[in-house]
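Working notes, beginning with the structure itself.
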């Protein structure tokens, strides 16, 4: 964060980068464990600690008024700075959950994290250590809120990898196992039943007639006289959605994945208008996933928890694909209609399909160069 | 230092002017404040719950807000039709109208920005879009172009009239060498804002209804019809309720502008309809949906046919000199033309872009009550801003408001 080529603005309040070498003087940038709770004896005198503890436990009932609470307490310089930061937070109205400046270490830490997260930069332009920083904050924040630990990855694209996908129209029977696996894997909002994948049920003899297809069927499959075709984000090599984003909150990664930084997205939905493949979804309300159903194996650019008012999309399960696994839809498909792999690896199945099958892509005339091919047996 | 003193006095005096007025004026302002407060209440619900309280969905992801935004950019751009004759061609008949036109542009731009903010999913992170602080995807994203041109145009339309009024307030003549370069720039800029806004849609290969070379020129033609039509109506109100003198000649000259623009607009409409319906392709489906409905889904039919009828009727009325020169008929024609273009360049343009969807899915859109509330609130905000600006400007121009230092 210290380099001067930064293309965004960050307050850098008390962050770890300020004192990178003195690990003992955590300076509150450290997100695991409250500064006070970890080493209270070193940080505060016994008297101060008692006072802080009393303040924390009785909170607003303390006799001193708010001003005295903040300023009329014996404290170390570091502690004073911390509390001033916290009071600044209150002043800025950034923390709604934290009702008292010195209510508890946890809420202080929470507000610190919220503050830093609110003013962090665009993930696309972050250095690796900054990526790690925000990932640590998010993990800690989730821990503070739910008491549970998630594994959040910030793994970058690997060299010589370009992901591609192929869909066998002859094999798909419309079971939609891919759809439910995708929803579970990617922590999509259950209330609005958000789905990245759409399965279009088409009539035999009509060709690929999307207009007459049904992408919202509730009957036994495979239905007589029908065939099925799935669509999702095609991870175009020339993605129109990326061009139009006013803040570069969405981009094409080195391995071909088109991703979104949910924390940088401003929610203008220009990308949704620009996508010719209906590949993007918007969180119209706060997304809700029951705690026990949350997939805790997450990636920053993939299935981590979203907030309301941001765009999201299929990432070819970046949390899986970058650790060598197939996306959830591929794994879940009972018919083997879905093929996924590295286009740059000549021995991959996807390459075999592309070289030996008659493949085609949708709306090729638009020049978007999708990396999603269809073929038939 | 002296300028600051004058400025302070101007602020105080104008506050005095805008807080005093006839009973009608107070009722008008109270009404606008009430509508604004209702709008703010609706917006607070939207902030709390998310955009799910609107009628928009993943299939139709832009609605009433962006429709109004698009239309109002045109209204703002229309000020140029008064600025150019006055400052550049030195046509004295436009002089009375030009400050009103610029005030209207400011109000329209404020409404535009408010509509864009209302449409955002994350207004709290809008700083991501501020160049230098955030990441500004310029020149790739047309939206960043739009941010630049709209704010630049707002700046021009605030500074030029402000300079002129500030001089007049002190009883001095404004210097041409100061404001004419700005005025000339604003002429090009006005064309720019509307063309850029059209490019916002025109550049999307995903939406064949918008991806159409005529969209930009048609935006301009309809804007130069609707904007001056609104200015005529406002001048009519100002004429009858204040001492500000607006001559018939001025109104008739603006009516001429409206007429020509409306005629060009109709020609372009015919060209568009011919292309969509003579040899319909897969890409004509949105137009079919708009004009005739698809698969029994016909939500836009009453709107668009109202718009087309009003548009044609207004253009016919305006074309005949005898009718146009009768002020009462002119006001009627301007009113229906304004409504017609609001429908046509508003949701008659935005909604069919999304219907049918990329895979032919037809899911209709109806704005929710909250969405309508926010929209009305923003219109009230614009009317309030305009009233304040116009009242101050009229006070200075009629000589009531003078620096007494």
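Residue numbers (the working numbering), protein chains in the order written: chain H, 2 to 378; chain U, 308 to 712.
Ideal Cβ positions, reconstructed from N, Cα and C, are used throughout, including at glycine.
On a predicted model such as this, the values are computed, not experimentally measured, just so you know.
Endpoints, beta strand (DSSP E) assigned at residue i
{"i": "residue 201 (chain H)", "result": "199–204"}
{"i": "residue 162 (chain H)", "result": "Neither: residue 162 (chain H) is in no beta strand (DSSP E) and is coded neither H nor E."}
{"i": "residue 374 (chain H)", "result": "373–376"}
{"i": "residue 227 (chain H)", "result": "227–232"}
{"i": "residue 299 (chain H)", "result": "298–300"}
{"i": "residue 339 (chain H)", "result": "339–343"}
{"i": "residue 332 (chain H)", "result": "Here residue 332 (chain H) belongs to no beta strand (DSSP E); instead the alpha helix (DSSP H) covers 329–333."}
Contact set between residue i and chain U, taken where Cβ atoms lie within less than 9 Å
{"i": "residue 309 (chain H)", "result": "356, 357, 358, 359, 428, 429"}
{"i": "residue 283 (chain H)", "result": "358, 363, 364, 365, 368, 428"}
{"i": "residue 253 (chain H)", "result": "Those within 9 Å of residue 253 (chain H) in chain U number zero; the least Cβ separation is about 13 Å."}
8 Å Cβ cutoff, residue i in contact with chain U
{"i": "residue 187 (chain H)", "result": "no"}
{"i": "residue 124 (chain H)", "result": "no"}
{"i": "residue 207 (chain H)", "result": "no"}
{"i": "residue 286 (chain H)", "result": "yes"}
{"i": "residue 313 (chain H)", "result": "no"}
{"i": "residue 270 (chain H)", "result": "yes"}
{"i": "residue 367 (chain H)", "result": "yes"}
{"i": "residue 316 (chain H)", "result": "no"}
{"i": "residue 373 (chain H)", "result": "no"}
{"i": "residue 201 (chain H)", "result": "yes"}
{"i": "residue 211 (chain H)", "result": "yes"}
{"i": "residue 232 (chain H)", "result": "yes"}
Exposed unless 16 or more other CB atoms sit within 10 angstroms - verdict on residue i
{"i": "residue 453 (chain U)", "result": "buried"}
{"i": "residue 585 (chain U)", "result": "exposed"}
{"i": "residue 312 (chain U)", "result": "exposed"}
{"i": "residue 504 (chain U)", "result": "buried"}
{"i": "residue 396 (chain U)", "result": "exposed"}
{"i": "residue 605 (chain U)", "result": "exposed"}
{"i": "residue 361 (chain H)", "result": "exposed"}
{"i": "residue 407 (chain U)", "result": "buried"}
{"i": "residue 435 (chain U)", "result": "buried"}
Per-residue DSSP class, three states only, for residue i
{"i": "residue 311 (chain U)", "result": "helix"}
{"i": "residue 318 (chain U)", "result": "helix"}
{"i": "residue 182 (chain H)", "result": "helix"}
{"i": "residue 449 (chain U)", "result": "helix"}
{"i": "residue 251 (chain H)", "result": "strand"}
{"i": "residue 195 (chain H)", "result": "coil"}
{"i": "residue 556 (chain U)", "result": "helix"}
{"i": "residue 263 (chain H)", "result": "coil"}
{"i": "residue 287 (chain H)", "result": "coil"}
{"i": "residue 602 (chain U)", "result": "coil"}
{"i": "residue 476 (chain U)", "result": "helix"}
{"i": "residue 215 (chain H)", "result": "strand"}
{"i": "residue 647 (chain U)", "result": "helix"}
Closer than 8 Å to chain H by CB, residue i
{"i": "residue 668 (chain U)", "result": "yes"}
{"i": "residue 375 (chain U)", "result": "no"}
{"i": "residue 451 (chain U)", "result": "yes"}
{"i": "residue 664 (chain U)", "result": "yes"}
{"i": "residue 487 (chain U)", "result": "no"}
{"i": "residue 441 (chain U)", "result": "yes"}
{"i": "residue 436 (chain U)", "result": "yes"}
{"i": "residue 597 (chain U)", "result": "no"}
{"i": "residue 457 (chain U)", "result": "no"}
{"i": "residue 618 (chain U)", "result": "no"}
{"i": "residue 444 (chain U)", "result": "yes"}
{"i": "residue 502 (chain U)", "result": "no"}
{"i": "residue 448 (chain U)", "result": "yes"}
Partner residues on chain H for residue i, Cβ-Cβ distance less than 7 Å
{"i": "residue 425 (chain U)", "result": "Near residue 425 (chain U) there are no residues of chain H at all, since even the closest Cβ is about 11 Å away, more than 7 Å."}
N- and C-terminal bounds of the alpha helix (DSSP H) containing residue i
{"i": "residue 344 (chain U)", "result": "330–356"}
{"i": "residue 152 (chain H)", "result": "First-last for residue 152 (chain H): 152–154, but that is the beta strand (DSSP E), not the alpha helix (DSSP H)."}
{"i": "residue 113 (chain H)", "result": "106–119"}
{"i": "residue 698 (chain U)", "result": "676–704"}
Beta-carbon neighbours of residue i, restricted to chain U and to distances below 7 Å
{"i": "residue 183 (chain H)", "result": "Those within 7 Å of residue 183 (chain H) in chain U number zero; the least Cβ separation is about 15 Å."}
Neighbouring residues, chain H, relative to residue i (Cβ below 8 Å)
{"i": "residue 511 (chain U)", "result": "241, 245, 274, 275"}
{"i": "residue 253 (chain U)", "result": "Residue 253 (chain U) lies beyond the residue range present for chain U, which begins at 308 and ends at 712; the question has no answer from this structure."}
Interface residues of chain H facing residue i [CB-CB closer than 9 Å]
{"i": "residue 514 (chain U)", "result": "274, 275, 277"}
{"i": "residue 519 (chain U)", "result": "Under the 9 Å cutoff, chain H gives no residues; its nearest Cβ is about 15 Å from residue 519 (chain U)."}
{"i": "residue 433 (chain U)", "result": "267"}
Listed by chain order, chain U residues near residue i by CB distance under 8 Å
{"i": "residue 361 (chain H)", "result": "Within 8 Å Cβ-Cβ: nothing; residue 361 (chain H) doesn't reach chain U, min ~16 Å."}
{"i": "residue 249 (chain H)", "result": "442, 444"}
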